[in-house]
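Novice: Okay, so the sequence shown: first residue is 1 according to full-length UniProt numbering, each after it adds one.
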Amino acid sequence: MSQIEPNSRPFTVLVEGNIGSGKTTFLNHFNKFEDVCVLAEPIDMWRNCKGHNLLGLLYEDIKKWSFTFQSYVQLTMLQQHLRKTACPVKLMERSIYSARICFVEKMKQDNLISHAAAAVIDKHFQWIKENTDLKVDLIVYLRTDPQTVYDRMIKRNREEEKTVSLDYLQALHQIHEDWLYHKTIFELPAEVLVLNANLDKSVINEEYSKFEPLILNKKLSVQA
Ligand SMILES: Nc1ncnc2c1ncn2[C@@H]1O[C@H](COP(=O)(O)OP(=O)(O)O)[C@@H](O)[C@H]1O
Ligand SMILES: Nc1nc2c(ncn2[C@H]2C[C@H](O)[C@@H](COP(=O)(O)O)O2)c(=O)[nH]1
């Protein structure tokens, strides 16, 4: 494995997309490259915060637990952003940006979080952006249709997600589209490359492979 220069930072790539869009599967495709540090979403931390399954509590009563859950997501995603690695490339599943921009915004839209609570989370977010190194070099957007991810989520059968509706996924899809595809809301911390993640498992590795040179060689333009 090649090592980065001391005091330099890795080429940092965020993998973003709806629930069930294939982010974990995409990250697993890159696990074989020793130059890539793959950081999966810290979902196990959300499922066990000093014995509390915050993800389970969230889906049981999203209004009651939204602030608690988002506060912890924001902390754990910050820890991922600041995680040191000697690898020249760091691949992260989601980010502090999508937590704030996609999920907290959705909660605000649906009045599932008070504006006071959302204001506190945003104050933390703004302070973190201004006072820590959250530099990102590339975003890979796994673009899907809501029905596709709904079917995958049902098939994956995660205990906590049994109450997640197609409507919720449709709303999350729209926020991801506005942020990463139409680019009409919030700031973008880096250039976005879009991957058609609707493709079935049987053929999608070929699509993933197209992104290898972009990520491994730290390039920002998609090969034809
Ligand atoms: N391209 C695909 N075609 C069919 N099923 C997929 C595809 N990508 C992922 N899956 C399946 O869908 C579910 C969600 O995939 P996962 O990678 O966990 O998505 P995410 O991390 O975005 O939630 C898993 O059961 C996975 O095996
Ligand atoms: N309310 C929020 N939920 C979040 C956030 N980040 C992830 N999640 C949920 C969505 C899924 O149920 C689960 C894992 O996500 P996958 O896309 O990997 O399936 O965690 C968030 O910031 N807020």
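Glycine residues also receive a C-beta, built at the ideal position from the N, C-alpha and C atoms.
These figures come from a predicted structure and were not determined experimentally.
#1: When you compare the CB positions of residue 42 and residue 12, do they come within less than 8 Å of one another, or not?
#2: For residue 115, which of 63, 130, 37 has the nearest alpha-carbon?
#3: When you compare the segment 166-183 with the segment 45-60, are there three or more beta-carbon pairs, one atom per stretch, that lie closer than 8 Å?
#4: Considering residue 101, what are the terminal residues of the beta strand (DSSP E) in which it resides?
#5: With respect to the alpha helix (DSSP H) encompassing residue 47, which residues constitute its N-terminal and C-terminal limits?
#6: Whole angstroms is fine: what's the gap from residue 189's alpha carbon to residue 131's?
#7: When you compare the CB positions of residue 15 and residue 26, do they come within less than 8 Å of one another, or not?
#8: If you draw a straight line from the alpha carbon of residue 109 to that of residue 83, how long is it in whole angstroms?
#9: Could you check what DSSP says for residue 154 in three-state terms: helix, strand or coil?
#10: For ligand 2, is there a heavy atom less than 7 Å away from the beta-carbon of residue 70?
#11: Among the residues of its own chain, which have a CB less than 6 Å from the CB of residue 39, if the five just before and after it don't count?
#12: Confirm, please, whether the CB-CB distance from residue 150 to residue 195 is below 8 Å.
#13: Just the C-alpha distance for residue 163 and residue 176, rounded to the nearest angstrom, thanks.
#14: Can you look up residue 113 in the DSSP assignment and give me helix, strand or coil?
#15: For the alpha helix (DSSP H) containing residue 90, list its first residue and its last residue.
#16: What separation, rounded to the nearest whole angstrom, lies between the Cα atoms of residue 191 and residue 136?
#17: Between residue 216 and the rest of its own chain, which residues show a CB-CB distance below 8 Å, the 5 nearest in sequence each way excluded?
#18: Which residue wins for smallest C-alpha separation from residue 57, given the options 201, 208, 160?
Specialist: Let me lay it out:
#1: no
#2: 63
#3: no
#4: Per DSSP, residue 101 belongs to no beta strand (DSSP E) and is neither H nor E.
#5: In the DSSP assignment, residue 47 falls within the alpha helix (DSSP H) that extends over 43-47.
#6: 15 Å
#7: Less than 8 Å divides the Cβ of residue 15 from the Cβ of residue 26.
#8: 32 Å
#9: Helix.
#10: yes
#11: 80, 92
#12: no
#13: 21 Å
#14: coil
#15: For residue 90, there is no enclosing alpha helix (DSSP H); the residue is part of the beta strand (DSSP E) that begins and ends at 89-93.
#16: Each residue's alpha carbon lies about 9 Å from the other.
#17: 33, 35, 36, 89
#18: 160
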